[in-house]
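Here the structure comes first, spelled out in structure tokens, and everything after it is commentary.
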Amino acid sequence: MKGSCKCITANFFWDFDGTLYDTYRIMPLAYHESWHNAGYEVSQVEAYQIMRLRSLSQAFIYHQTKYNISDSKLIEIREQYKIIENKHFSEVKRFAGAAEILKQVSAAGGKNFLLTHRANGAVELLKRDDLKGFISGSITGRDNFPRKPAPDSLNYLLDKFKLERASAIMVGDRRLDIKAAHNAKIAGALFDPDNLMAHQKIHAEIKVHSLSEMINSVS
7 MKGSCKCITA NFFWDFDGTL YDTYRIMPLA YHESWHNAGY EVSQVEAYQI MRLRSLSQAF
67 IYHQTKYNIS DSKLIEIREQ YKIIENKHFS EVKRFAGAAE ILKQVSAAGG KNFLLTHRAN
127 GAVELLKRDD LKGFISGSIT GRDNFPRKPA PDSLNYLLDK FKLERASAIM VGDRRLDIKA
187 AHNAKIAGAL FDPDNLMAHQ KIHAEIKVHS LSEMINSVS
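Residues in the sequence shown are numbered consecutively from 7, following the numbering used here.
As structure tokens, then:
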């Protein structure tokens, strides 16, 4: 962990993909298969790295430019991606320590919030794993807030639940999560399980490689 983090936050805002749940077990697979079915080859490793370092949307834009394909063709590939991902979505597992940290935050009197661009699936997996009860509020893709790093969704929840910004931290696996936190004037924690972000200049207040390390940030 970076820093001693003595002042501790009580309220945690969680990214879903790649933070609470290891959706990267299926996303690069679906991405590879959707492009392969369209006649193009993209390795799962390359897909994963672009998703983590940028985003899924940026990965599609990158390969559209690389292969010089039309917008209509890209829409077809993206639709195929959704079909393949949905087929495998029930296989997604939570990261080790996810259940424990959510429960500990609640036990300490804090609140957990979910912030995800994903419109479907995140809440269902939390329900499946009996973790939905530890989430005090959520913003998903269905709520039509501007995408991170815009702070709108964070600001909405902070205001709705009347939370002090000094008590809040956003946890995510990408630069945009940390930027969203800082844009909302709260702390950011970078979850980097495979050290992919080691050489990226991401100025997070906390950097961890496992969710169990976040235990020290719960008062």
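Here a beta-carbon is modelled for each residue, glycine too, at the ideal position from N, C-alpha and C.
Taking the C-beta atoms as reference points, G178 is found nearer than 8 Å to D21. As far as DSSP is concerned, Y162 takes part in no beta bridge. Bounds of the beta strand (DSSP E) holding S144 are 143-145.
In the structure shown, D200 falls within a coil segment according to DSSP collapsed to helix, strand and coil. Here A125 is near R148, since their CB atoms are less than 8 Å apart. Look at G139 here: in three-state DSSP terms it is helix. Put simply, of F18, P155, D165 the residue whose alpha carbon is nearest the alpha carbon of D183 is P155. Of all alpha-carbon atoms in Q206, E52, G116, L120, the one lying nearest the alpha-carbon of S159 is that of L120. DSSP, read as helix, strand or coil, puts F66 in helix. Note on geometry: alpha-carbon atoms of D77 and A65 lie some 14 Å from one another. Put simply, the backbone Cα of T25 is about 21 Å away from that of A114. Using a 10 angstroms sphere on the CB of G116, the tally of other CB atoms reaches 16 or more, which defines it as buried.
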